[in-house]
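Numbering (my numbering), first residue to last: 363 to 768.
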């Protein structure tokens, strides 16, 4: 590990960046990825454990573990004694082995996080706005990254492995909903936000749909209890979703698989509406504003809402019913184990929505369908930004290499 007493400051980006142990394209050996993925999943593993799980020879595993330890990606734990032969020495991920930046571009706010190899947030910056603009977003990143990087030692800064952007695709289509000027939202049509940000830094920059990225964060950093197949809902300005199949995020041909917000569900009028019109924070904001309430806290205070009124209760009930419909429709196609619900909202509100979904499911004819368990997400309000940080992690260190969109 790098000593905490090492010099700090802002790295000269021209000095180079994290890249040891990779080939010229920046890709790691498949067996190294497999070892890192298994250690991440289990917390710590010995050479014997890894040989058994991977089917690789003990000698091959020893070589891989020595290389990863030399690169400071793995660290040794205390020997486990009491068995026949030499003590077993487990290895775990080194928190300082690599760092990742994750940017969430939302319709009402942007968030930038710096996370370590374990997914722990080391630094966090936020920006609230009425609507996003490409220029403002790039400025926010360039104003924030140097200060965030300066909290690390110079050697640690060189281990920043990339920046991932989690954002809604076709952001310009939602201008009317957030009340944004048409000309500003249209700038997103031609903006290549990834290329613009990448031009300022030597490390790679990735982009993915925000809800799909959040789903990746739940899979990698969350506590899913070993789930292999699950639906994922993230309630933000608009509700979105993701799909995990066989323990991997399924992004689909265009990167937009799991677009659960676009799923048609029944509305109050009995006519079909998209789920985003019913279970999104934008819908709650409209209701609160119509009742004369200031709804700005929805975007500025996601951890605590000082709110309890009929409008909130009605929205929770409607959101629960809409999500329940989406769950049952999805479960009739894929035999999901669970539906995980998270969002830009307090844990107490999230729990009430989970309960509302469970109650709404009781009204369905579920014959022939195994109903997925309904559970709360474990990553929370920063899931989309953490999902952005997952993109370079997936691409450079895990067995599922391609979560980002080309």
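Glycine included, C-beta positions come from ideal geometry on N, C-alpha and C.
Reducing DSSP to helix, strand and coil, say where residue i ends up.
i           : result
residue 651 : helix
residue 595 : strand
residue 583 : helix
residue 404 : helix
residue 758 : helix
residue 460 : coil
residue 741 : coil
residue 388 : For residue 388, the pLDDT reaches just 43, beneath the cut-off of 50, and the residue's location in the model is therefore unreliable, leaving the point undetermined.
residue 626 : strand
residue 697 : coil
residue 751 : helix
residue 604 : strand
residue 515 : strand
residue 613 : coil
residue 639 : helix
residue 578 : helix
residue 523 : strand
residue 383 : Caution is warranted here: a pLDDT of 36 is assigned to residue 383, below 50, making its placement in the model unreliable, and the coordinate value is therefore given only provisionally. Residue 383 falls in the coil class under three-state DSSP.
Once you ignore the five residues that flank residue i on each side, which residues in its own chain have a CB closer than 6 Å to its CB?
i           : result
residue 700 : 589, 592, 734, 735 and 737
residue 698 : 591, 592, 593 and 734
residue 386 : Confidence at residue 386 is low in this model, with a pLDDT of 33, below 50, so the placement of that residue should be treated as unreliable; the coordinate-derived value is given next. Within the same chain, residue 386 has no close Cβ partners at all.
residue 607 : 591
residue 761 : 395, 396 and 399
residue 619 : 605, 612 and 613
residue 542 : 493
residue 690 : 726
residue 388 : Residue placement at residue 388 is flagged as unreliable, the pLDDT there being 43, under the threshold of 50; the coordinate-derived value follows with that caveat. There are no such residues.
residue 530 : 572
residue 694 : 731
residue 641 : 601, 681, 684 and 685
residue 759 : 398
residue 513 : 485
Go through its chain and collect everything with a Cβ distance to residue i's Cβ below 8 Å, but skip five positions before and after it.
i           : result
residue 639 : 629 and 645
residue 533 : 467, 469, 494, 547 and 550
residue 424 : 409
residue 713 : 738
residue 668 : 659
residue 496 : 549, 550, 553, 555 and 558
residue 657 : 646, 647, 650 and 651
Taking CB distances under 8 Å as the criterion, tell me whether residue i reaches chain C.
i           : result
residue 710 : Here there is only one protein chain, and chain C is not present.
Quick one: give me the first and last residue of the beta strand (DSSP E) that residue i is part of.
i           : result
residue 486 : 483-490
residue 687 : It is not in any beta strand (DSSP E) - residue 687 instead sits in the alpha helix (DSSP H) that spans 672-693.
residue 553 : Looking at the DSSP string, residue 553 is not in any beta strand (DSSP E), and its letter there is neither H nor E.
residue 471 : 471-477
Please report the residue range of the alpha helix (DSSP H) in which residue i lies.
i           : result
residue 711 : 709-723
residue 409 : 409-416
residue 508 : 496-511
residue 428 : 420-432
residue 565 : Unbroken run through residue 565: none, as it is neither H nor E.
residue 661 : 659-662
Considering only DSSP beta bridges, list what residue i is partnered with.
i           : result
residue 529 : 571
residue 771 : Any answer about residue 771 is impossible in this case: the structure gives the chain only from 363 up to 768.
residue 669 : Answer by DSSP bridge pairing: none, since residue 669 is not bridged.
residue 734 : DSSP output for residue 734 lists no bridge partner at all.
residue 454 : 406 and 437
residue 704 : 596
residue 467 : 472
Excluding sequence positions up to five away, which residues of its chain have a Cβ less than 7 Å from the Cβ of residue i?
i           : result
residue 499 : 467, 472 and 555
residue 406 : 439, 452, 453 and 454
residue 421 : none
residue 581 : 606 and 611
residue 785 : Absent from the model: residue 785. The displayed extent of the chain is 363 to 768, so no value can be given.
Would you check whether the ligand FMN has a heavy atom nearer than 7 Å to the C-beta of residue i?
i           : result
residue 568 : What this structure holds is no ligand at all, so the ligand FMN is not there to describe.
Is the segment 468-486 touching the segment 594-603, taking contact as three or more C-beta pairs under 8 Å?
-> yes
Cβ pair count under 8 Å reaching 3, the segment 389-404 against the segment 426-438 | yes
Touch check for the segment 567-585 and the segment 541-557: three-plus C-beta pairs under 8 Å?
-> yes
Per the contact definition of three or more C-beta pairs closer than 8 Å, is the segment 648-660 in contact with the segment 671-689?
-> yes
Could you tell me whether the segment 504-524 touches the segment 473-487, using the rule of 3 or more Cβ pairs below 8 Å?
-> yes
Okay, do the segment 686-693 and the segment 713-724 touch, 3+ Cβ pairs below 8 Å being the bar?
-> yes
Any chance the segment 544-553 sits against the segment 502-511, with 3 or more Cβ pairs inside 8 Å?
-> no
Stretch pair the segment 571-579 + the segment 610-624: three plus CB contacts closer than 8 Å | yes
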